[in-house]
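Worksheet for the structure shown next.
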Amino acid sequence: MADVIRIEEVSAHVGETVAIKGWLYLKTGKGKLQFLRVRDGTGIIQAVVFKKDVPAEVFEAARRLSQESSLVMTGTIRADPRAPGIPGGYELGVDDLQIVQVADEYPITPKEHGVEFLQDHRHLWIRSSRQWAILRVRATVIMAIRDWLDSNGYVNVDTPILTPAAGEGTTTLFEVDYFGQPTYLAQTGQLYNEADIYSFGKVYCFGPTFRAEKSKTRRHLTEFWMVEPEVAFCDLDDLMGIEEEFVSHIVRRTLEERGPELGLLERDTSALERVEPPFPRISYDEALEKLAAIRAETQDPVLKEALALEWGSDFGSPHETALTKLYDKPVFVYGYPTACKAFYMEPWPGRPEVSKSVDLLAPEGFGEIIGGSERISDPALLEQRIREHDLPPEAFTWYVDLRKFGSVPHSGFGLGVERTVAWITGTRHIRETSPYPRMLNRIYP
RNA sequence: AGCAGGGUAGCGCAAUGGUAGCGCACCAGGCCGUUAACCUGGGGGUUGCGGGUUCGAGUCCCGCCCCUGCUGCCA
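Here my numbering is used: the first residue of the first sequence is 248, the next is one more, and so on.
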């Protein structure tokens with residue numbers, strides 16, 4: 248039997264007789280000619296079955312194939328500019344064809360479907376070319392994340408998912424019964440990261456996090472993946488430098504390795520090619536001024552109302568969108584009011600009402616993909632903040648301990664994988680960037 | 001949680017209070033280069049659930065369930 252090749256590598260096999268194992272994605276029959284578009288997991292290729300070139304039973308088999316039927320084809324690869332596929336431009340002239348299974352009537356057709364129907368069939372929907380491309384990009388983003396961190400001196404030290412107390416008292420947590428003791432699914436690994444830097448210097452944790460927020464928006468999941476680097480002897484400026492190198496690397500790797508997928512998604516890659524350091528850095532105060540200016544200019548009363556903001560409040564979605572439209576690459580906003588941020592953030596020198604925090608907002612209206620800060624290094628101040636936020640001091644004894652044994656300025660951030668993939672792929676709703684998204688009202692399949 | 005929109009064939013949609021229809025998918029037939037092919041024919045319905053108004057309800061009224069979009073919260 249001919250060697251089995253992967254569609255991804257088809258250009259290296261022109262003129263050869265090969266075998267391809269896969270599933271029928273689409274069939275357009277034409278009398279004595281059958282066009283089969285076949286997926287194998289690495290791409291899609293058009294296979295052509297001519298009645299005069301194959302035995303009658305092979306042609307009959309091709310005619311019987313239903314969408315998603317599994318098959319093994321043997322034939323010759325040829326270049327043909329008419330041929331669709333990923334990558335396009337090549338097709339298989341079929342000599343022989345074995346059906347592995349004729350699929351039952353497949354519910355997802357090439358036509359339109361509603362959101363609920365597609366989500367109910369997520370186990371099948373992931374085969375669709377758009378979903379396939381997004382999830383391939385996701386895998387590359389994850390590889391680029393690990394690659395950059397591993398090759399820049401970060402040690403991967405994963406943090407627990409079952410935790411005894413809230414990481415950031417503010418958000419709602421999923422409670423689980425841990426042998427009779429109430430325990431929570433982690434919403435961040437940051438506090439443990441802060442312990443780990445005192446052993447390794449630079450660390451990151453990477454895994455799923457859980458937030459029981461009743462959010463129903465295009466940018467929220469209740470279970471999402473987050474990578475959280477944490478660095479000793481690192482201030483807020485250093486942190487922004489790390490973030491822009493890190494994010495630029497992720498984008499560059501995706502452009503290098505997932506061109507066909509981004510093409511299928513019709514992503515404007517010129518916008519991604521501009522993502523190189525340095526990124527603009529604006530303070531919260533400057534951002535407020537820019538928003539006020541946009542607000543003064545707009546004729547749209549709805550937007551005018553949505554952009555109203557007092558000093559001291561955190562940005563909402565409309566503010567982020569308006570702000571990022573001013574730039575053609577990701578933008579840092581730093582120095583948020585202390586009152587709207589977590590308890591552990593270092594205050595700005597001389598301005599206790601401002602924290603040494605920084606968010607990174609993705610361009611084109613995709614919004615926040617990173618949240619980070621310099622952490623409090625003084626034990627007395629940290630204890631004071633725990634009291635001010637009404638957190639149970641006994642749960643944070645170990646965390647305060649870290650400030651007593653060689654405390655140093657340190658900073659870290661969390662990057663949301665799904666939001667980053669949504670931005671890079673140009674996907675409007677975050678649910679398509681997770682293989683099996685968990686949301687308010689969605690836990691199946 | 002708030003505001004707005006929606007639920008009719010497997011899927012996407014239509015239907016002044018008066019015989020529930022169209023496209024896709026599916027089945028049968030035709031077609032030698034299709035790009036979500038096309039042509040001819042065919043089967044397929046408890047109109048989300050419960051009550052009410054009416055001679056008559058997919059359509060109007062009340063309650064409930066579910067979905068979508070946006071906002072808040074955040075990555």
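A virtual CB, placed ideally from N, CA and C, is assigned to each residue, including glycine.
These numbers come from a predicted model, not from an experiment.
Classify residue i: buried if its beta carbon has 16 or more other beta carbons within 10 angstroms, exposed otherwise.
| i | result |
| --- | --- |
| residue 443 | buried |
| residue 629 | buried |
| residue 636 | exposed |
| residue 434 | buried |
| residue 259 | exposed |
| residue 417 | Any reading at residue 417 must be qualified, since the residue scores a pLDDT of 47, below 50, and its modelled position is unreliable; the value itself is stated next. By the 10 Å Cβ count, residue 417 comes out exposed. |
| residue 531 | buried |
| residue 619 | buried |
| residue 603 | buried |
| residue 303 | exposed |
| residue 285 | buried |
| residue 361 | exposed |
| residue 586 | exposed |
| residue 627 | exposed |
Compare the Cα-Cα distances from residue i to each of the options and report the closest residue.
| i | options | result |
| --- | --- | --- |
| residue 327 | 452, 262, 664 and 586 | 262 |
| residue 534 | 562, 659 and 688 | 562 |
| residue 638 | 616, 625 and 589 | 589 |
| residue 679 | 283, 385, 337 and 566 | 385 |
| residue 281 | 308, 288 and 268 | 308 |
| residue 319 | 511, 268 and 278 | 268 |
| residue 490 | 349, 617, 350 and 572 | 617 |
| residue 277 | 257, 310 and 249 | 310 |
| residue 288 | 359, 256 and 585 | 256 |
| residue 570 | 336, 593, 456 and 542 | 542 |
| residue 641 | 412, 330 and 459 | 412 |
| residue 665 | 471, 688 and 647 | 471 |
| residue 584 | 559, 608, 597 and 591 | 559 |
| residue 405 | 429, 438 and 511 | 438 |
| residue 662 | 597, 455, 510 and 592 | 455 |
| residue 254 | 325, 306, 305 and 440 | 325 |
| residue 431 | 445, 613, 345 and 407 | 407 |
| residue 646 | 613, 667, 573 and 436 | 436 |
| residue 501 | 649, 671, 426 and 511 | 671 |
| residue 615 | 359, 329, 667 and 488 | 667 |
| residue 613 | 593, 572, 424 and 345 | 572 |
| residue 336 | 351, 300, 306 and 290 | 290 |
| residue 440 | 653, 689 and 649 | 649 |
Among the residues of its own chain, which have a CB less than 7 Å from the CB of residue i, if the five just before and after it don't count?
| i | result |
| --- | --- |
| residue 496 | 391 and 395 |
| residue 382 | 373 and 682 |
| residue 643 | 633 |
| residue 554 | 538, 541, 542, 565, 566 and 569 |
| residue 492 | 524 |
| residue 675 | 465 |
| residue 347 | 317, 318 and 319 |
| residue 459 | 419, 420, 421 and 469 |
| residue 252 | 260, 265 and 267 |
Within the same chain, show all residues whose beta-carbon is closer than 6 Å to that of residue i, passing over the 5 residues directly before and after it, in chain order.
| i | result |
| --- | --- |
| residue 371 | 355 |
| residue 453 | 474 |
| residue 601 | 582 and 595 |
| residue 687 | 461 and 463 |
| residue 334 | 507 |
On the premise that residue j lies in contact with residue i, defined as a C-beta separation below 8 Å, what is that separation, rounded to the nearest angstrom?
| i | j | result |
| --- | --- | --- |
| residue 605 | residue 486 | 7 Å |
| residue 478 | residue 659 | 6 Å |
| residue 323 | residue 410 | The Cβ separation is near 58 Å, so there is no contact. |
| residue 610 | residue 540 | No, residue 610 and residue 540 are not in contact; Cβ-Cβ is about 19 Å, not under 8 Å. |
| residue 685 | residue 464 | With 8 Å as the limit, residue 685 and residue 464 do not qualify as a contact, their Cβ atoms being about 14 Å apart. |
| residue 483 | residue 621 | 5 Å |
| residue 522 | residue 449 | 23 Å between Cβ atoms; not a contact. |
| residue 447 | residue 421 | So it is not a contact: roughly 29 Å between Cβ atoms. |
| residue 508 | residue 669 | Actually they are not in contact, since the Cβ atoms of residue 508 and residue 669 sit about 14 Å apart, beyond 8 Å. |
| residue 624 | residue 656 | 5 Å |
| residue 429 | residue 451 | Contact flag wrong, Cβ pair sits at about 29 Å. |
| residue 677 | residue 467 | 7 Å |
Apart from the five residues on each side of it in sequence, which residues of its chain come closer than 8 Å, Cβ to Cβ, to residue i?
| i | result |
| --- | --- |
| residue 513 | 673 |
| residue 378 | 372 and 679 |
| residue 506 | 516 |
| residue 367 | 691 and 692 |
message = Assess contact between the region 263-273 and the region 295-314, defined as three or more Cβ pairs (one per stretch) separated by less than 8 Å. Is contact present?
response = yes
Segment contact flag, the region 341-355 with the region 294-301, C-beta cutoff 8 Å, min 3 pairs = yes
query = Are there three or more Cβ pairs, one per stretch, closer than 8 Å when the region 491-511 is compared with the region 532-549?
reply = no
The region 516-530 / the region 567-584 touching (three or more Cβ pairs under 8 Å) = yes
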